[in-house]
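Written below as structure tokens is the structure these notes are about.
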Amino acid sequence: MLELPADPESGTKKKLSIEVLTSTIVKVSVSFDDSALQAPSLIAQSDIDEKVRFAVNRKKNEVIITTDSLRLSIALPSGNISYFNPSGNMLLSENGNEFIPFGNKIVGSQNHIIQHFNWTDREAHYGLGQHRHGFLNL
């Protein structure tokens with residue numbers, strides 16, 4: 003788990019959790035507190051019965067996590083993640099995120115998270131919430 007420096011505008015600190023589930027599946031969670039990071043995932047199956055070899059290297063402005071199939075580069079202090087294949091070609095790059103607080107009597111206090119990625123106009127990423135009708139390239 004990485005604790006990122008406080009946001010200059012809000013003063014809040016984010017915590018980033020990265021769990022290597024397989025050599026090709028990495029569960030990434032971000033929150034303001036540990037309780038949200040320890041909640042069971044509705045998306046990533048954490049009980050995969052596979053021993054995964056990975057390495058973690060920390061440099062001054064970067065944390066690198068490497069498996070046989072992926073390399074993640076976590077930029078510090080922003081926490082933005084870039085994903086690379088074993089040849090070093092970028093697969094996907096994050097360009098920040100936003101936390102928008104909301105709440106009501108039923109769900110309590112929560113955050114709506116908006117993630118920004120660098121991708122081309124010809125790419126489509128399913129499962130990130132932008133394709134609400136279940137079809138790609140609407």
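Heads up, the sequence shown is in the numbering used here, so the first residue is 3 and it goes up one at a time.
Backbone N, C-alpha and C define an ideal beta-carbon position, used for all residues, glycine too.
Discussion item. Using a Cβ distance threshold of 8 Å, determine whether the stretch 87-103 contacts the stretch 51-60, with at least three qualifying pairs required.
Written reply: No contact exists between the stretch 87-103 and the stretch 51-60.
Discussion item. Check this for me: beta carbons of K16 and M3, under 8 Å apart or not?
Written reply: Taking the first residue of the sequence shown as position 1, residue 16 is located at position 14. Taking the first residue of the sequence shown as position 1, residue 3 is located at position 1. No, the Cβ-Cβ distance between K16 and M3 is not below 8 Å.
Discussion item. Applying the 10 Å Cβ sphere with the 16-neighbour rule, what's the burial state of V1?
Written reply: This structure cannot speak to residue 1, because the chain is shown only from 3 to 140.
Fill in: DSSP bridge partner residues for H2 (one or two, in chain order)
Lying outside 3 to 140, the shown extent of the chain, residue 2 is not represented and no answer is given.
Worksheet item: With 16 as the cutoff for other CB atoms within 10 Å, does T69 come out buried or exposed?
Response: Here the question's residue 69 lines up with position 67 in the sequence shown. Flag for T69 reads buried.
Worksheet entry | Nonlocal neighbours in the same chain, by C-beta distance under 6 Å from S95, ignoring five residues either side | To locate residue 95, count along the sequence shown from 1; it is residue 93. Same-chain partners within the cutoff: S84, N120.
Fill in: Between the CA atoms of D123 and F34 - distance to the nearest angstrom
Against the sequence shown, residue 34 aligns to sequence position 32. Against the sequence shown, residue 123 aligns to sequence position 121. Taking the straight line from one Cα to the other gives about 32 Å.
Worksheet entry | Rounded C-alpha distance that separates V30 from D9 | Here residue 30 corresponds to residue number 28 of the sequence shown, with the count starting at 1. Here residue 9 corresponds to residue number 7 of the sequence shown, with the count starting at 1. Between V30 and D9, the C-alpha separation is close to 19 Å.
Worksheet item: How would you write the range of the beta strand (DSSP E) that G80 sits in, first residue to last?
Response: Taking the sequence shown and counting its residues from 1, one reaches residue 80 at position 78. Residue identity differs from the one stated: residue 80 is Ser in this sequence, not Gly. No beta strand (DSSP E) contains S80, which DSSP labels as neither H nor E.
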